[in-house]
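FYI, the numbering for the sequence shown is -22 to -1, 1 to 170, going by mature numbering (1 follows the signal peptide of the UniProt record, and there is no 0).
The beta-carbon is built from N, C-alpha and C at its ideal position, and this holds for glycine as well.
Keep in mind it's a predicted model, so treat the numbers as computed, not measured.
What follows is a short report on a single structure.
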Amino acid sequence: MSRLRMIARFAPFFLTAPLALTACEEQQSAFAPACPHMDMLGDASDLFAYDGRGLDVGDLVAHASLTGMTGACEAGPTGAHHQKTVRTRISLAMTIQRGPAAASEALDLPYFVAVVRNGKILDKKVFHATAAFEPNTSLTALNTPIRIIDLPASDSIEDTDYHMVVGFQLTRAQLQYNRTHLPQAHFRERLN
């Protein structure tokens, strides 16, 4: 077969292949959703558990702190009425220090993930992480299992109407303790 005939025979493929690949690429990136903003609630990022006898250091069962969060988002499954969704994956990092009043090698740590839109909580789920301490250790760290949350996608690919708030699920007494005992951040406008 002559070289000219071979080129003529495969020319349609060579001309349409880039178009097909471009169309595929456009379909994959046509919906790149905006990730929801994530906030760690300052008043709920520490959990102090006491044995109920008092608030002295000798009565401390454990002190847990949220130290970070990781996550990602992608186009999610199509929702009701063919609405696009954003699938968000989130995991929290915690450090836990066992106190002198700890009676067991494990501690249950309730934490929440709340979905907020326009300043209103739309949904909130409480999850539990278990901190297990090795013998003769008083400090441990853990990452929570990945939680998957599907949210309606915004019409804008640059922003979303939703954000998420995470923190420990505290009792009223624990929340009040955090507000009175932990240093609060103070923001001031800088004047030149």
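Given a threshold of 16 other Cβ atoms within 10 Å of its Cβ, counted over all protein chains shown, does L100 qualify as buried or as exposed? Around the beta-carbon of L100, fewer than 16 other beta-carbon atoms lie within 10 Å, marking it exposed.
Among Y155, D128, Q154, L148, the one whose alpha carbon lies nearest that of M142: D128
Using only the alpha-carbon positions, how far apart do E167 and Q61 sit? 42 Å
Nearest residue (CA-CA) to P130, options T138, V35, I124: T138
Note the first and the last residue of the continuous beta strand (DSSP E) segment covering R31. Counting along the chain, R31 falls outside any beta strand (DSSP E), and DSSP gives it neither H nor E.
For the region 65 to 81 against the region 32 to 43, are there 3 or more C-beta pairs whose distance is under 8 Å? Yes: at least three Cβ pairs fall under 8 Å.
Where the alpha helix (DSSP H) containing L153 begins and where it ends: 150 to 159
Between V104 and the rest of its own chain, which residues show a CB-CB distance below 8 Å, the 5 nearest in sequence each way excluded? So the list reads P88, Y89, F90, Q147, once near-sequence residues are dropped.
Quick one: is V35 buried, meaning 16 or more other Cβ sit within 10 Å of its Cβ, or exposed? Residue environment for V35: exposed (fewer than 16 other C-beta atoms within 10 angstroms of its C-beta).
Measure the CB-CB distance between P14 and Y140 and report whether it falls below 7 Å. Yes. Within cutoff.
Check each candidate in D24, A79, R95 and name the one with the smallest Cα separation from S132. R95
Between M16, T149, A80, which lies nearest to A50 when the distance is taken from Cα to Cα? A50 has its Cα closest to that of M16, out of M16, T149, A80.
Put A58 into one of helix, strand or coil per three-state DSSP. helix
Determine whether the beta carbon atoms of A79 and D29 lie at a separation below 7 Å. If you check the CB distance, A79 and D29 come in under 7 Å.
Other residues of its chain near M47: CB distance less than 8 Å, five sequence neighbours each side excluded: M16, M18, I68, S69, L70, A71, V144
In the structure shown, what three-state DSSP assignment does G20 receive? In this structure, G20 counts as helix in the three-state DSSP scheme.
From R65 to R31, what does the alpha carbon distance come to, in whole angstroms? 45 Å
Can you tell me which of Q152, A58, E83, E52 puts its alpha carbon nearest to the alpha carbon of T108? E83
Could you please give me the residues that DSSP links to C51 through a beta bridge? T66
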